[in-house]
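Read through the structure below, which is laid out as structure tokens, and then see the notes.
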Amino acid sequence: MTAVGGPDVLVAREVPTPQPQAGQVLIRTEAVPVLYPETLLRSGAFPLPAAMPLVFGTQAAGVVREAGAGVDTGLIGQRVLAASNAFGTYAEQVCVPAESVTPIPAGLSSIDAAAVTMGMSVALPLLDTAALTGTETVLIQAAATGIGGYLTQLAKEFGAARVIATAGGPVKADRARELGADEVIDHTDPAWPARLAEILGGTTVDVVFDAIGGDSARILLDLMTPLRGRMLSYGFLSGAPAQVTALDLIMRGLTLTGCSGAAWLAGVDRNRAAALERAATGSITPLIDRVLPLAQANAAHQLIADRVPLGTIILQP
């Protein structure tokens with residue numbers, strides 16, 4: 059990454075091979091997921107906590123080749139999923155702290171592991187936080203891909219009685235239905251909350267998994283179940299977090315849980331092994347859009363900016 063900006067700031071270059079320091083492992087990467095939050099970091103929507111130029115990327119699946127001082131050499135040769143807070147994964151090789159790697163179960167490909175880890179690691183704590191009881195109507199936003207796609211696959215297993223989904227356009231709507239949604243609304247229509255009201259027909263939504271944020275979050279409050287309705291806010295595809303005040307919630311007897319911050323992210327980290335195990339046992343379907351050569355990272359970011367993918371784009375060295 060040469061600068062903050064559009065996808066073209068990502069360029070392929072040769073750099074020195076990284077060397078594992080104490081507490082680190084060197085991984086030969088086999089599959090690198092392109093994650094939506096990475097596109098926000100690249101664009102400058104969030105501050106980038108590192109100087110540029112830098113090797114971009116935060117996750118990769120691959121094989122441990124070397125272990126630094128103080129690291130169990132038994133890790134060498136193991137396939138793992140690595141998460142790097144210091145970036146560096148859009149590369150043929152990357153060094154990460156040994157405690158940041160999660161073993162990939164036998165029988166699960168590196169491509170599938172890279173595709174499911176982030177989305178599933180977030181979906182599982184979201185569902186746990188929702189505390190569904192088997193009677194709720196839930197609304198899952200952006201339900202065809204990423205986190206929303208895994209929420210849609212798992213919602214009824216975790217206790218949803220009825221799953222209403224939003225998706226961007228007819229192709230993604232069809233995918234959301236395939237994943238388990240009972241009804242799907244096109245959220246590219248600005249009037250989509252009105253369509254939700256029609257579908258509800260006088261009933262209410264008990265749980266909203268809010269990936270869109272913005273003004274639509276406040277509009278949805280009047281369609282939620284008083285006293286026990288809850289909104290889990292974890293994204294802002296609209297460009298802004300949920301525009302909801304404390305008074306908005308108090309007057310309706312609703313709750314909003316902000317699913318972010320250090321404590322939340324620690325819980326996401328703890329769910330990586332469970333996410334990989336579910337993919338390995340076939341209890342969820344990995345959502346993969348396509349596999350591109352590593353040198354086409356900028357093309358992958360452009361596809362995400364254009365809202366094209368129906369799953370995770372994987373870069374392959």
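Number 137 in the working numbering belongs to position 79 of the sequence shown; there are no gaps in the numbering. C-beta atoms are modelled at their ideal positions from N, C-alpha and C, and glycine is treated no differently. If you're wondering where the values come from, they're calculated on a predicted model, not measured in any experiment.
Report yes if the CB atom of A239 is closer than 7 Å to the CB atom of T210, and no otherwise.
yes
Identify which residue in A144, G135, T224, L139 has its Cα closest to the Cα of L237.
T224
Three Cβ pairs or more, each shorter than 8 Å: is that satisfied between the segment 157–171 and the segment 193–210?
no
What separation, rounded to the nearest whole angstrom, lies between the Cα atoms of A355 and S168?
18 Å
Taking just the CA atoms, how far does P78 sit from G146?
13 Å
So L139 and V159 are in contact, right, with Cβ under 8 Å, and what is the actual spacing, rounded?
7 Å
If you pair each beta-carbon of the segment 175–193 with each one of the segment 316–335, do three or more pairs fall below 8 Å?
yes
According to DSSP, what are the bridge partners of C153?
L84
Assigned secondary structure, D244 (DSSP; H/G/I helix, E/B strand, else coil):
strand
Under three-state DSSP, which class holds L166?
coil
Using C-beta distances below 6 Å, list every residue in its chain close to E124, excluding the 5 sequence neighbours before and after it, in chain order.
P78, L84
Cα separation between L352 and A118?
12 Å
Return helix, strand or coil for P65, following the three-state DSSP convention.
helix
Looking at G102: is its Cβ nearer than 7 Å to the Cβ of V62?
yes
Look up T267 in the DSSP assignment and give the residues it is bridged to.
Here residue 267 turns out to be Phe, not Thr, going by the sequence shown. I198, L290, per the DSSP bridge assignment.
Given 8 Å, three or more beta-carbon pairs between the segment 215–223 and the segment 282–296:
no
So I277 and V90 are supposed to be a Cβ contact under 8 Å. How far apart are they, rounded?
In fact, because the Cβ distance is near 38 Å, the residues do not count as touching under 8 Å.
Give me the DSSP bridge partner(s) of V73.
V73 is not bridged to any residue.
Would you list the one or two residues that DSSP bridges to M178?
DSSP output for M178 lists no bridge partner at all.
Going by C-alpha to C-alpha distance, which of G207, A219, R220 sits closest to G226?
G207
Where does Q211 sit, in a helix, a strand or coil, going by DSSP?
helix
Residues bridged to M110 by DSSP?
Beta-bridge pairing links M110 to no other residue.
Hey, how far is the Cα of V73 from the Cα of Q151?
10 Å
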